[in-house]
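Protein chains in written order, with our numbering: chain A, 1 to 345; chain B, 1001 to 1345; chain C, 2001 to 2345; chain D, 3001 to 3345.
Worksheet: the structure to be examined is printed underneath.
4 protein chains.
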Amino acid sequence: MKSQIKICMIGAGRVGKNHSRAITRHVPSGKIVALVDPVIPVRNETAKEFGIESEFDTLEQAIGKIDFDAVIITTPTPTHLPLTALAAENGKHVFLEKPMALNIDECDEINRITTQHGILLQLGFMRRFDPEFVAAAARIEAGEIGQPMMVKSLTHGPGLPPPWARDLKTSNGMLAEVNSHDWDSTRWLMGSNYERVYTEVANFKGAANNIDTPNFYDNVLVNIKFESGGLGMISGVCPCGYGYDARVEIIGEKGIMQIGELQGQAVVVCTNRDQGLITPIFRTWPERFIWGYIYEMEHFVSCIQTDTKPKAGAEEGRWAVAGVLAGTRSFLEQRPVYLKEILGS
Amino acid sequence: MKSQIKICMIGAGRVGKNHSRAITRHVPSGKIVALVDPVIPVRNETAKEFGIESEFDTLEQAIGKIDFDAVIITTPTPTHLPLTALAAENGKHVFLEKPMALNIDECDEINRITTQHGILLQLGFMRRFDPEFVAAAARIEAGEIGQPMMVKSLTHGPGLPPPWARDLKTSNGMLAEVNSHDWDSTRWLMGSNYERVYTEVANFKGAANNIDTPNFYDNVLVNIKFESGGLGMISGVCPCGYGYDARVEIIGEKGIMQIGELQGQAVVVCTNRDQGLITPIFRTWPERFIWGYIYEMEHFVSCIQTDTKPKAGAEEGRWAVAGVLAGTRSFLEQRPVYLKEILGS
Amino acid sequence: MKSQIKICMIGAGRVGKNHSRAITRHVPSGKIVALVDPVIPVRNETAKEFGIESEFDTLEQAIGKIDFDAVIITTPTPTHLPLTALAAENGKHVFLEKPMALNIDECDEINRITTQHGILLQLGFMRRFDPEFVAAAARIEAGEIGQPMMVKSLTHGPGLPPPWARDLKTSNGMLAEVNSHDWDSTRWLMGSNYERVYTEVANFKGAANNIDTPNFYDNVLVNIKFESGGLGMISGVCPCGYGYDARVEIIGEKGIMQIGELQGQAVVVCTNRDQGLITPIFRTWPERFIWGYIYEMEHFVSCIQTDTKPKAGAEEGRWAVAGVLAGTRSFLEQRPVYLKEILGS
Amino acid sequence: MKSQIKICMIGAGRVGKNHSRAITRHVPSGKIVALVDPVIPVRNETAKEFGIESEFDTLEQAIGKIDFDAVIITTPTPTHLPLTALAAENGKHVFLEKPMALNIDECDEINRITTQHGILLQLGFMRRFDPEFVAAAARIEAGEIGQPMMVKSLTHGPGLPPPWARDLKTSNGMLAEVNSHDWDSTRWLMGSNYERVYTEVANFKGAANNIDTPNFYDNVLVNIKFESGGLGMISGVCPCGYGYDARVEIIGEKGIMQIGELQGQAVVVCTNRDQGLITPIFRTWPERFIWGYIYEMEHFVSCIQTDTKPKAGAEEGRWAVAGVLAGTRSFLEQRPVYLKEILGS
């Protein structure tokens, strides 16, 4: 088994900070040795906060100057393929944030190139490492609720996404940026691939936020038919304002299972009987999935140490992208879209 | 104001018993003076349990023999129009169980004939009288969560419906028999009509139950686009086995609201730390909506006493039927269906 | 079996109104035929609200003028013995609000006189009829949590009690007026009598409310040793301001059981992630125990109809008074007090 | 600021393992360089699990052989004074598990010797670092519920304690071993010292477990009067079997606050409507207070790095011991005991 794994973090923004915190404070078997970001003030701040000693504008520069085993890619979706390719060609293992890529061809190319170079690829589906999701999946697998018949998964987030993340051309929009996790979780928990999807979207806050991006939406509801015959629903709302909300309900032939809750902390207060009880809500995704983020990083480092294929890889990333593309085409064309239209038969 | 209202209950089965209990024990301003049902043992049992003095095979017979102000119709959907017509022609006010009818023409005829005879018509949408739904609707109306953007409403019921209620021809199936309440509630809470719907269904338990009815399904997920631009989801599972489950979530521009819960009673027990906490669930609809059933009967009686139009009438019943028909056509034709296809433009 | 039971309600205030509502709207086998209260405006209002046809200043006057089977006594504690005696001597069954009396002698006299006249006596311990308490007691009885080892029962109420109810001389104070239910419930659920009690009290709001009654307290904590060897805690806070709060936890040899909750309605809202979830709380006792009040009245009427001894009678009332007296002596003398000091050996 | 702090862990059992895990995995600024325990198999196992390189039978041996900044003492209470003294005399900072000591003299000696040698002393009150307790304390401090009037704190644990921990002579029994945290938390949250306490105990499971230790008890209820005039209740049950349960309720002049809950994970399942919902419970203390354990270790290391006095030190430890001693004397002598009897005036 390899000793401590050396990592180059790519992207010093919110996600990069979040993963840096997880590794630096909670994953002693990994060490961030370099930080890549062309925006220097942000990079300096993140590097300082987590004691990262080397900083670079680009991955190319880092590769030339410093020794490391792996990269963590947290930059916008269009960068995923070129950065992964560069890393793979230099023998660096890759942790790639969701969504995997903008289209299936890019997914296939990422898969091809990492396979060709014998590189481990892990996708950033932290819900697969969240203790509640993990326990739920194990209990479903063990048959506790019987064959899954229906799943409902929601992700509602508080803040307005940046422009690139709400433009279909640069990101595939909310279905990709917010709901990638739901695409992956529903497929995982149902134990089945999607057969077809139908999507409705709505735009309630665009005007107030001066958003004139074509096809912008801030609410989405997807109806899924799985290959197993089961049904699924994904909902996305962003910005929702009220907190960070990620919950799943699954109905199986034998019963129901709920994963997650709104309550973010068990401190309940009442000081006014006309108002009622007040309970903290989850405010942000780093708070809700703190253990998921820690455990996915532990898993990545451990997979490198033991040369093991990560639990969430190219296959999972590609299916989530396929769902996003089918879902997007559905609302654009106002009809159900089969996954085979996206993936070929 | 009229004094005590005399009622003829039509149907001595589960729903007839439930309404008889509500009136006899909790609505002193109403009195059931006659019970109509051709199945004599059931009728005798119900009459005895609630002290109903006169029994008849048919409404015709009751009208000839006894004085009353109103009927409550709890018999299968195909009987709704002829019974309502007979009651109206004889000047009896009508409480009609959901769904209103099998098709829009029947709904229109029910509306026409009750209007023509100056008869009050109340539909059996008891959720409009449930204290939680009522409080929620008032708070939405008051703007607490802002403009509603998305609603999700589910009804999952424990028992296999009788053959007539799962055959599209005789009942329009689960979307009508189980989810009529969701159709009404989502429209009510969103404050908007449906524009189009898309539906997926699944059949997981039909074979095990020897059901060969064409197009039988036991799981349904509807995706709704409202005229307001808002989105909606309705789910139905029946039989679900695990209990009676009726909950709603609404996301508005300012926040989220949840109505209802799984917990049926605040008695929590833990005797085994490997199993965990055990809490009673709502087992049946009479238990979950006990106050809704009481208050809808109070309302009906009070409307007759004061000659007031009931809160849930022909308009509400007709829209729910329209939703059912659009939803059914959608899964049969695998495409989104506009309400104007059902209702005309 | 007797037909409808005719009742004379004594006291037209909050408790009288509450019981009148329960009977008039939800207990068709009972009828309030007379209302007794010397305060005419309140009496007129209550009589009008519940359609009570005869009104009197005193029970004596009612007895002379009108026919009835039973009385419901809701007036202050010092009136309990004389009113019960008068009713019993005139052959009227008695529903008596808690606390039974001011001291053990009065309890004994109430018991003697009702027994002598063959009168049914029911005490107003509505928690014995609350569906949650009833289910909990049955499950404990069935052995679900094993032999009860420890019980904690609390009653915290929102409003400042009237002067007579906070003066030890006229009411025995909060331990009697607020916590009588806890005394009864803990004894019932533990299946054992009290052996000794120790009490601490505090006065936090008296000064702000200009209360100079000697020994006034607004917080109380009682520590109980049961004859079974088990332990108990009773807490009282009044006025607590935040709502009406009545909950119990019991730990048995096999596990824990919780009865009741703070949440008064399953409507949860979040519109501000810095504030969190807001859920209604129970605001008042009539709201929290609405079914307990209905069922205790049904029980009283049914016991009269079938000549059956009520579930909560003289024995239960006397033990609760004994607990109050022991608890009060304890904080006055700052020492544990044995029940045998109160009851004799 | 000092760089990484080197720690000698004393005790390789459950608590030693728990703290070793917290430091090794989640506190990168600390490093366990030595493990002391005379029981070699357990020591070897713990050392191996957490990669601790040096092992010793005694602290004396470690001090002679290896360089470190601090010790963490997790061994039984009678060892606390001599081990702290030895560490202090050698200039090692001390993290000392609760309870601080067996009596006030030992507490005073621990305080004297650490002060004399300028040694930092932190007591193992991890609830002071639990995010829920911390948030609650801050909100109380900010006045959200007004002046605290009453506090109830419980700790119920699943397993039978070892013989030394249930013998009053060697450990002061459950009030010390299980409820030390409640003593500290109630004093902290009420913002006041204890004035007097009254205690009742019960022994329900001793016989079945063949325990003949004098004065053994497995249930305890303490009634506290604070110097502020406020009231408090502490309950302990061990073994309780049903899980690990640690919750607090505080009532202030303006409202109520609840800290903690029974639910250990938000995964709710129902497969049987006659059984109801099943939710995981907290099973163990390391699970319930995982963040408390991490943050108290971070705090200890950080205090050493910055030469800052820890939040929970000699004062807090001494008061908790005083509460234990007063509580124990109370049930032995069946009377309320003033803290001044324990501490002198």
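Beta carbons: idealized from backbone N, C-alpha and C, even for Gly.
Every value quoted in this text rests on a predicted model; they were computed, and no experiment measured them.
Contact criterion: CB-CB distance below 8 Å. Does B:R1335 meet it with respect to chain A? yes
Cutting at 6 Å between CB atoms, please list the residues of its own chain near B:H1026, excluding the five before and the five after it. I1294
Entirely enclosed beta strand (DSSP E) segments - the stretch 180-259 of chain A, minimum 3 residues: Segments of the beta strand (DSSP E) lying fully in the stretch 180-259 of chain A: 194-202, 219-226, 231-237, 245-252, 256-259.
Per-residue contacts from C:A2266 into chain B (C-beta, under 9 Å): E1132, R1247, Q1258, I1259, G1260, E1261, Q1263
Residues near A:G327 in its chain [Cβ-Cβ closer than 6 Å; skip 5 each side]: Non-local C-beta neighbours of A:G327 in its own chain, meaning closer than 6 Å and more than five positions away in sequence, comprise L175, V197, T199, V222, ordered along the chain.
Please look up how many angstroms separate the CB atoms of C:F2125 and C:K2098, rounded, as I've assumed it's under 8 Å. 6 Å
Determine whether the Cβ of D:P3028 lies closer than 8 Å to any Cβ atom of chain F. In the structure shown, chain F cannot be found, because the protein chains are A, B, C and D.
Can the beta-carbon of D:H3299 be found closer than 8 Å to that of D:C3238? no
At the level of alpha carbons, what is the spacing between D:D3245 and C:P2076? 41 Å
So, is the C-beta of B:F1204 closer than 8 Å to a C-beta in chain A? At a cut-off of 8 Å, the C-beta of B:F1204 has a neighbouring C-beta in chain A.
Who are D:I3145's beta bridge partners in DSSP? Answer by DSSP bridge pairing: none, since D:I3145 is not bridged.
Less than 8 Å between CB atoms is the rule here; does C:I2052 satisfy it with respect to chain B? no
In terms of residues, what are the limits of the alpha helix (DSSP H) holding B:L1120? Premise fails: B:L1120 is in no alpha helix (DSSP H) and is neither H nor E.
Please determine if the stretch 2077-2090 of chain C and the stretch 2098-2112 of chain C are in contact, where contact requires at least 3 C-beta pairs separated by less than 8 Å. yes
If you run the structure through DSSP and keep just helix, strand and coil, what is B:M1126? helix
Span separating the alpha-carbon of A:E45 from that of A:Q61: Each residue's alpha carbon lies about 20 Å from the other.
For chain B, is any of its Cβ atoms less than 8 Å away from the one on A:Q147? yes
How about B:K1092 and B:V1071: are their beta carbons less than 8 Å apart? yes
The alpha helix (DSSP H) that contains C:F2331, what's its start and end? 2314-2333
Quick check: the Cα distance between D:D3212 and B:G1276, rounded to an integer number of angstroms? 32 Å
Do you know offhand how far D:H3043's Cα is from D:V3036's? One point to set straight first is that residue 3043 of chain D is Arg, not His, in the sequence displayed. Distance between the alpha carbons of D:R3043 and D:V3036: 7 Å.
Per the DSSP calculation, D:Y3338 is bridged to which residue(s)? D:R3196
Would you tell me roughly how many angstroms separate the C-alpha atoms of D:S3020 and D:I3032, rounded to the nearest one? 7 Å
By DSSP, does C:E2053 sit in helix, in strand, or in coil? Secondary structure of C:E2053 (DSSP, three-state): coil.
Could you pull the DSSP bridge partners for C:K2006 from this structure? C:K2031
Just reading off the alpha helix (DSSP H) that B:A1087 is part of, what are its end residues? 1080-1089
Shortest alpha-carbon distance to C:N2090 belongs to which of C:G2064, C:I2104, C:N2215? C:G2064
From this set, D:Q3004, D:F3282, D:V3039, which residue's C-alpha is nearest D:I3010's C-alpha? D:V3039
So, does the CB of C:C1966 fall closer than 8 Å to a CB anywhere in chain A? Lying before the first or after the last residue shown, residue 1966 of chain C is absent from chain C, which here runs from 2001 to 2345.
On the DSSP bridge list, what partners appear for B:I1304? BP columns for B:I1304 are empty, so no partner.
Assumed close pair A:D67, A:K6 - CB separation to whole angstroms, cut-off 8 Å: 6 Å
Taking the continuous beta strand (DSSP E) assigned at D:I3073, which residues delimit it? 3070-3073
When the Cα atoms are used, what is the spatial distance from B:P1336 to A:Q258? 29 Å
Please list, in chain order, all residues of the same chain as C:E2177 whose beta carbon is under 7 Å from its beta carbon, the five residues on each side excluded. The answer, listed in chain order, is P2161, A2165, S2171.
Can D:R3127 and D:G3016 be called in contact, C-beta distance under 8 Å? no
Check whether the Cβ atoms of B:G1159 and B:S1192 lie closer than 8 Å to each other. no
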